[in-house]
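From first to last, the protein sequence lines are chains A and X. The first sequence begins at 1 in the working numbering and counts up by one. The second sequence begins at 1001 in the working numbering and counts up by one. Note that the Cβ used here is the ideal one computed from N, Cα and C, for glycine as well.
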Amino acid sequence: MQMNRRVPVAVLVFCFALTLAGVGMYAELKKGQYQAATLGQFPQTSPSESLPDSQYGGKAYPLYAPELVAGEGKAEVEGYCSMCHSARYITMQPPLPAAAWETEVAKMKKTFGATIPDEVTSKIVRYLQAHYAPETRKQ
Amino acid sequence: MDATERFLSRRGLLKALGAAGAGLALSRWVGRGTTMAQEPASSGAIETFTGPGANPRWNSVGPYVTEPQKAPLLLLTDRPVQLETPRHYFSTAFTPNDAFYVRWHLDGIPNNVDLKEWRLQIEGNVAKPQAFSLPELMRKFKAVSIAAVNQCSGNSRSRLQPRVAGGQWGNGAMGNAMWTGVRLRELLDAAGVKTGSVEVQFQGLETGSGPKGMASSSFLKSLDLANPVLDECVVAYLMNGEPLPMLNGFPVRLIVPGYFATYWMKCLSWIRVLDTTDENFWMKPGYRIPDTPKGNTTPDDVKAGKVNMVPIAKMPVRSFLASPDGSSKIPAGMTVTLRGIAFSGYGRVTRVEISDDGGKSWSAAKLGEDYGAYSFRTWEAAWTPKSPGKHTVAVRATDEKGNTQPDAPVWNPGGYLWNRIEKQELVAGIAG
């Protein structure tokens, strides 16, 4: 229990450090910057804080990490699939037949170049079939 | 730390934060009444998916989120960003910039652009390669404006049966804007397209984390140089009279009137003339449709290898009822106004019709202002539920080429070209 309590503190400290680093790095912020955000919050647009220089845009895009179903292979899915895209690409799908998940994962490797070792590939496919197929999907 | 490690540690962090945040978010959301045809899930949580049946709602089921320069929109995915425009925005001809849907393919979306550095390059098989700054584009070339609908190829994908993998859009992956910029032809002429050229390729600032040369590292789209649509293409730096939101392609975006949005390159930065046919993933096999009538086929025919696939192009005719959306009961005998929009990639919409008797009879709706062949055309119609009970209102459009929406589903492996007649159940109550 104690271990569990320590995690959020460490996380908050790390977040704060990231925020500070973010301010300093503003000028270099160019591409693919995302930051954790909370669903259900809708801030109104505020007056622009930007400078009259040649930079346009500048905000990081919010990440709303979905909670994947617990099970064998979840860590691998989070680790490998998240290299290119958020796990929302999984939770957004309708329940897909087992063969469709196999095709999807194969496409990620062959077409998109995901470097997933073969033994991990089968684990990932089994996880998706076990939790995100018509017979299995609950949430 | 390499990029992967950095991201993985960020994921761990998100997970730790997520548990507390998600509970809070869900409890705040309940009771907002966003549902159209269904009751909220009994657990009190918002749905995260639909299927394996067709999505019964007008929009996708994602939660509302607020992204930079955007009003609250429906979330499909957060990285890369895909956001859907809510139904109520579709009763006007022009979709506000902050409500315009968003669809990116790769996670390296620009967060900002430095206009001192940014140039639009015209290169490849040309006599004089060019690099134009934004002031040069605005000063050297005549500004032209065109109203044009931008619709994702996969709009309404969640309607297909059987369902197909991909972005599970409802109907809101579309929008119409007045685009202002320079003609693509003038830019190509400035560079001088060499004889023997075949296609023109477009590339924006978006990149992905995948290996170089793979579909996951760059998003590239091409059009045939002989395609007459090139004469209508505009490189736009204004959207409804304002700079484009970053998520919609600041500083310039390619406008391909009548064509699906896959060709409308965001943050357009390279126009590349090719002397060969582009066969990168995003042209082949990506974004292809069967060369059958209405792009329709079956899973069995695809499996049997019977289907010839060709690049997706023009948008079939569609029409939508924006309101009423079925969330309110209407007293029987009260005349209400039905409102919505219609469009076609094949030419202007000439007729929008309403039916409330299952398609046996149709009556013409009144069309709104005509902003050109490629714009949304608003329509409205008076409608009176004569008796208490459930009524179903259907809307269909016809374009100037005589294409009319069918009351039949479409199926193809990409989940493209859905244009079935839209129907809305409306409940009339006893008036008193």
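I'd like to know whether the C-beta atoms of residue i and residue j end up nearer to each other than 8 Å.
i                  : j                  : result
ILE1341 of chain X : VAL1395 of chain X : no
VAL1336 of chain X : ARG1377 of chain X : no
THR1392 of chain X : GLU1425 of chain X : yes
THR136 of chain A  : ALA130 of chain A  : yes
ILE116 of chain A  : TYR80 of chain A   : yes
MET1178 of chain X : GLY1241 of chain X : yes
SER1138 of chain X : SER1222 of chain X : First, the amino acid is wrong: residue 1138 of chain X is Met here, not Ser. No; because the gap between Cβ atoms is not below 8 Å, this pair is not in contact.
TYR1374 of chain X : VAL1149 of chain X : yes
ASP1275 of chain X : SER1344 of chain X : no
ILE1146 of chain X : ILE1271 of chain X : no
VAL1113 of chain X : GLY57 of chain A   : yes
ILE1122 of chain X : LEU1188 of chain X : yes
VAL1310 of chain X : THR1297 of chain X : no
ASP1318 of chain X : ALA1261 of chain X : Correcting the residue type first, residue 1318 of chain X is Arg in the shown sequence and not Asp. No.
TYR34 of chain A   : ALA60 of chain A   : yes
ALA1054 of chain X : SER1158 of chain X : yes
ALA78 of chain A   : ALA87 of chain A   : Residue 78 of chain A is actually Glu in this sequence, not Ala. Yes, the pair counts as a contact, with Cβ atoms nearer than the cut-off.
PHE1049 of chain X : VAL1065 of chain X : no
LEU128 of chain A  : ARG1079 of chain X : no
ARG1087 of chain X : GLY1204 of chain X : no
GLY1196 of chain X : ALA1127 of chain X : no
ASP1107 of chain X : LYS1070 of chain X : no
THR1085 of chain X : ASN1176 of chain X : no
ILE1312 of chain X : GLU1206 of chain X : no
PHE1183 of chain X : VAL1144 of chain X : In the sequence as presented, Phe is not what sits at residue 1183 of chain X; that position holds Arg. Yes, the Cβ-Cβ distance between ARG1183 of chain X and VAL1144 of chain X is below 8 Å.
Under three-state DSSP, which class holds residue i?
i                  : result
SER86 of chain A   : coil
GLY1359 of chain X : coil
PRO1080 of chain X : coil
MET108 of chain A  : helix
LEU51 of chain A   : coil
PRO1110 of chain X : strand
VAL1200 of chain X : strand
GLN1168 of chain X : coil
GLY1414 of chain X : coil
THR1404 of chain X : strand
PHE1090 of chain X : helix
LYS1194 of chain X : coil
ALA1342 of chain X : strand
LEU1205 of chain X : strand
GLY57 of chain A   : strand
ASP1370 of chain X : coil
LEU1230 of chain X : helix
ALA133 of chain A  : coil
LEU1137 of chain X : helix
ALA1428 of chain X : strand
ARG1157 of chain X : helix
LEU1254 of chain X : strand
ARG1163 of chain X : coil
GLY1213 of chain X : coil
Could you tell me which residues DSSP puts in a beta bridge with residue i?
i                  : result
HIS1105 of chain X : Paired residue(s): none; HIS1105 of chain X is not in a bridge.
GLU1242 of chain X : X:MET1239
ASP977 of chain X  : Residue 977 of chain X lies beyond the range of chain X shown here (1001 to 1432); nothing can be said about it.
THR1337 of chain X : X:ALA1382
ALA1394 of chain X : X:SER1355 and X:LYS1423
GLN35 of chain A   : A:PRO62
TRP1179 of chain X : X:ILE1146 and X:MET1239
GLU1123 of chain X : X:ARG1272
SER1131 of chain X : Here residue 1131 of chain X turns out to be Ala, not Ser, going by the sequence shown. Answer is X:GLN1121, bridged to ALA1131 of chain X.
ALA1364 of chain X : X:GLU1353
ILE116 of chain A  : Answer is none; ILE116 of chain A lacks a bridge partner.
LYS1221 of chain X : X:PHE1202
ARG1377 of chain X : X:ALA1342
MET1174 of chain X : X:GLN1151
Using a Cβ cut-off of 9 Å, which residues of the segment 1160-1171 of chain X contact any Cβ in chain A, in chain order?
Listed by position, the residues of the segment 1160-1171 of chain X near chain A (Cβ gap below 9 Å) are PRO1162, ARG1163, VAL1164, ALA1165, GLY1166, GLY1167 and GLN1168.
Tell me which residues of the segment 95-117 of chain A have at least one Cβ-Cβ distance to chain X shorter than 7 Å, keeping chain order.
Listed by position along the chain: PRO95, LEU96, ALA100, GLU104, THR111, PHE112 and GLY113.
Could you list the residues in the segment 32-49 of chain A with a C-beta less than 8 Å from some C-beta on chain X, going in chain order?
Answer set for the segment 32-49 of chain A: GLY32, GLN33, TYR34, ALA36, ALA37, THR38, LEU39, GLY40, GLN41, PHE42, PRO43 and THR45.
So within the segment 1259-1340 of chain X, which uninterrupted beta strand (DSSP E) runs reach at least 3 residues, ignoring any that extend past its ends?
Secondary structure within the segment 1259-1340 of chain X: the beta strand (DSSP E) runs of 3 or more consecutive residues, fully enclosed, are 1270-1274, 1288-1290, 1309-1311 and 1318-1323 (chain order).
Between the segment 1240-1272 of chain X and chain A, which residues of the former have a C-beta closer than 9 Å to a C-beta of the latter?
If you check each beta-carbon in the segment 1240-1272 of chain X against every beta-carbon of chain A, the ones closer than 9 Å belong to PRO1243, PRO1245, MET1246, LEU1247, PHE1250 and PRO1251.
Using a Cβ-Cβ cut-off of less than 8 Å, list which residues of the segment 50-81 of chain A approach chain X; keep chain order.
Along the segment 50-81 of chain A, the positions whose C-beta sits under 8 Å from a C-beta of chain X are SER54, GLN55, TYR56, GLY57, GLY58, LYS59, ALA60, TYR61, PRO62, LEU63, TYR64, ALA65, PRO66, GLU67, GLU78 and GLY79, read in chain order.
Ignoring anything shorter than 4 residues, give me the alpha helix (DSSP H) runs that lie fully in the segment 1039-1075 of chain X, in order along the chain.
None, since the segment 1039-1075 of chain X contains no complete alpha helix (DSSP H) of that length.
Cβ-based contacts, 7 Å cut-off: residues of the segment 1102-1117 of chain X near chain A
Of all residues in the segment 1102-1117 of chain X, ASP1107, GLY1108, ILE1109, PRO1110, ASN1111, ASN1112, VAL1113, ASP1114, LEU1115 and LYS1116 have a Cβ within less than 7 Å of some Cβ in chain A.
Check distances from the C-beta atoms of the segment 1213-1225 of chain X to those of chain A and list, in chain order, the residues that come in under 8 Å.
Under the 8 Å Cβ criterion, the segment 1213-1225 of chain X contributes MET1214, ALA1215, SER1216 and SER1217.
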